[in-house]
Ligand code: ADP
Ligand code: MG
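In the working numbering, the protein residues as written are 837 to 1151.
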């Protein structure tokens, strides 16, 4: 099987035909139609074996997660997913592995109506790079630089499940609960929530590297600070049942990665509208203040030292 057989067999026709794809896989470039009045939101991410997922990860999950991380970025901008390309580097062309990888990719792509329009296929250490594109009405994207003093800081869903599952899986200390394992391997990008928050949120970011580090990006871009109440961090029943010591729990929820929830800042007066518009729980965890930096407080208002920031390459 050469590279062209592989593309034909596994990726040509992976996603349903889409009216806004003028030309898909098979030429030097894809051609897509961007409607007038829309801006194109573009994001790219690489997943490297052993760095972004353990080598033992199921190929279905690798396919799913590769696209999920890009959809999460589109969600954080309030963009409607439309098109993606796939640059795949493989040690070998294993048809069983490729079929499962493609199935995971397709299942999530079909759910979100995003079309595979091209890519690149090469040999080397396993690496998956996806560039995803979405549409947002001009001027309406959710950015990191719009948070204002007195905004409430909110997060969707729950925090810490994926980080806890990863630690349990890698250390062999405990069998991760199925729900938490799924949070790690098949994250659900908050696309509908991102779209619903357009016109409501002042700022948004998706949580890939841990709340503390990711929220700090909003604070720096917006020139503000935040006070977060540790006891308000939303926690799943499975995470609670894991019975972590308070410091380990806080570490997973503030500095663990792979949550793929949204963190948003909005005026208090828009909270009711946001709750009504969202298909996922939204929890207020703190507020934006003028003093720069992130402060985490306990139930009594005392400052808790923030655990080290999220994962950084080349540190
Ligand atoms: P080129 O030499 O012009 O870069 P390639 O030989 O790399 O073209 O790819 C041939 C066609 O197949 C192109 O349209 C490209 O977008 C598509 N393609 C290559 N690899 C993939 C892949 N993994 N998934 C989807 N499309 C792919
Ligand atoms: Mg090429």
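All C-beta atoms in this analysis are idealised placements derived from N, C-alpha and C, irrespective of residue type, glycine included.
Reduced DSSP secondary structure (H/G/I, E/B, other) of residue i
| i | result |
| --- | --- |
| residue 955 | strand |
| residue 1042 | strand |
| residue 1017 | helix |
| residue 843 | helix |
| residue 950 | coil |
| residue 926 | strand |
| residue 1142 | coil |
| residue 1024 | coil |
| residue 838 | coil |
| residue 1011 | coil |
| residue 974 | coil |
| residue 1050 | helix |
| residue 848 | coil |
| residue 943 | helix |
| residue 1056 | helix |
| residue 997 | helix |
| residue 935 | helix |
| residue 1030 | helix |
| residue 1004 | helix |
Candidates the options, of which the one nearest residue i by Cα
| i | options | result |
| --- | --- | --- |
| residue 1092 | 1048, 862, 917, 916 | 1048 |
| residue 1044 | 888, 855, 843, 898 | 888 |
| residue 878 | 934, 897, 915 | 915 |
| residue 1024 | 897, 875, 841 | 897 |
| residue 995 | 1106, 1099, 1110 | 1099 |
| residue 881 | 910, 873, 1104, 860 | 910 |
| residue 1041 | 990, 918, 1119 | 990 |
| residue 973 | 871, 955, 840, 999 | 871 |
| residue 1022 | 937, 1114, 864 | 937 |
| residue 961 | 949, 927, 988 | 927 |
| residue 1055 | 1097, 1084, 1014, 1101 | 1101 |
| residue 1121 | 1077, 1063, 1086, 1085 | 1063 |
| residue 855 | 864, 849, 865, 869 | 869 |
| residue 904 | 1116, 950, 1052, 1125 | 950 |
| residue 1110 | 1007, 992, 1128, 1019 | 992 |
| residue 1017 | 999, 1034, 1007, 941 | 999 |
| residue 844 | 997, 857, 1131, 953 | 953 |
| residue 823 | 858, 862, 1075 | Because the chain here runs from 837 to 1151, residue 823 falls outside it and cannot be looked at. |
| residue 987 | 853, 1106, 1132, 971 | 1106 |
| residue 1004 | 1078, 1039, 1125 | 1078 |
| residue 1013 | 1037, 1132, 1030, 1075 | 1075 |
| residue 1152 | 850, 920, 867 | Here the chain has residues from 837 to 1151 only, and residue 1152 is not among them. |
Beta bridge counterpart(s) of residue i as assigned by DSSP
| i | result |
| --- | --- |
| residue 992 | 1118 |
| residue 969 | 878, 919 |
| residue 857 | 868 |
| residue 964 | 883, 924 |
C-beta neighbour in chain D for residue i, strict 8 Å
| i | result |
| --- | --- |
| residue 1104 | No chain D is present in this structure, which holds just one protein chain. |
Proximity test, residue i beta-carbon vs the ligand PLP heavy atom, cut-off 7 Å
| i | result |
| --- | --- |
| residue 1066 | With respect to small molecules bound, the structure shown includes the ligand ADP and the ligand MG and not the ligand PLP. |
Quiz item: Curious, which full-length alpha helix (DSSP H) runs of at least 4 residues does the segment 860-915 contain?
Solution: The segment 860-915 contains these whole alpha helix (DSSP H) runs: 895-913.
Quiz prompt | 3-residue-minimum beta strand (DSSP E) runs that sit fully inside the segment 1060-1133, ordered along the chain | solution = 1061-1065, 1098-1102, 1118-1125, 1129-1133
Quiz item: If you measure from each residue's Cβ to the nearest non-hydrogen atom of the ligand ADP, which ones come out under 6 Å, in chain order?
Solution: 843, 847, 861, 862, 863, 864, 922, 924, 952, 954, 955, 956, 957
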